[in-house]
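To start, the structure under review is shown below, and the notes come after it.
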Amino acid sequence: MKVILVAAMSADGKIAESPEQNSLDWTSKEDTAFFVKKTKEAGLVIMGQTTFQTIGKPLKDRRLIVLTREPEQYPSQEGIEFVNVPVQTILDTLTQEGVEQVVIAGGSSVYSQFLQGGHVTDIFLTVEPLLFGEGIPLASGFDRVHMELVEVGRIGEHGVLIHYRVK
C-alpha cells in the first residue's frame, strides 16, 4: 500500500504557527487544489483530531480516518471514522480491505507516528514563501528517513512542490 504524506509548510519547516491555525489561512489556492486532487486520487485520508477540527467537516468524495484519544467524544458522521488504535492496526485493516493508497494529512504528531513506524512511501511537500519563526514542526521524534527526489516544481506564484520517495 502506498502511504503518502502530504503537507504544506513554511520555508522554515513549520506546518502552523499554532495548533488552531488552518493552513488555508496561509497556503496558496493551488496548494489547496493539489491537496484535493491528491486525496481524491487516494480516496482515503488519515489525520489527527486537531487537523480535523481546523477543517470541521467530512471531505467530499473521500473516506476520512481521524486519530483521537477520545473517539467517543465525536458524533457518528458518514464517511468519517474516529479511532484510538495504533497506526499499524489501521494499516493492517486497510490492507485487508484492499486499500491501495492512503494520504496522511497531519498534523505533526500523526506525521511523526507514520514516519517513526517506517510506513511512509512518498512525501509531497509544498513549501510556501514565508517564515513563521516559531511554530509547529512538520514532524519530530523519529529516526533519520532517507529519501530520493522524484520531482520539484512551482506551485502557485511563489511556492515549491517537492515529491520525495522514501528509500
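Going by the working numbering, the sequence shown opens with residue 464, and the numbers climb by one from there.
Backbone N, C-alpha and C define an ideal beta-carbon position, used for all residues, glycine too.
Computed from a predicted structure; not experimentally measured.
No residue range can be given for Val548, since it is assigned to no beta strand (DSSP E) and is classified by DSSP as neither H nor E. Within the model, the alpha-carbon separation for Gln512 versus Gly542 is close to 15 Å. Judged by pairs of C-beta atoms under 8 Å, the stretch 583-597 does not touch the stretch 535-554, as fewer than three such pairs exist. For Lys477, the enclosing beta strand (DSSP E) covers residues 477-479. Nearest to Ala471 by alpha-carbon distance, out of Gln516, Glu611, Phe497, Ser539, is Phe497. In the structure shown, Lys492 adopts helical secondary structure according to DSSP, grouped into three states. Setting aside the 5 residues that flank it on each side, Lys465 is surrounded in the same chain by Gln564, Thr584, each with a C-beta closer than 6 Å to its C-beta; the list follows chain order. Thr490 counts as buried, since at least 16 other C-beta atoms from the protein chains shown sit within 10 angstroms of its C-beta. For Asp606, the closest of Gly598, Arg628, Phe577, Gly616 by C-alpha to C-alpha distance is Phe577. Judged by beta-carbon spacing, Lys492 lies beyond the 8 Å limit of Phe595, meaning their Cβ atoms are not closer than that value. A residue is called buried once 16 or more other Cβ atoms fall within 10 Å of its Cβ, and Ala474, having fewer, is exposed.
In this structure, the straight-line span from the alpha carbon of Tyr574 to that of Leu624 is close to 18 Å.
Sorting Val550, Ile528, Gln551 by C-alpha distance to the C-alpha of Gln540 places Ile528 at the top.
Secondary structure in the stretch 503-539: the alpha helix (DSSP H) runs of 4 residues or longer, each lying completely within the stretch, are 512-518 in chain order. With fewer than 16 other Cβ atoms from the protein chains shown falling within 10 Å of its own Cβ, Asp555 counts as exposed. The distance from the Cβ of Arg525 to that of Val508 is about 5 Å, consistent with a contact at the 8 Å cut-off.
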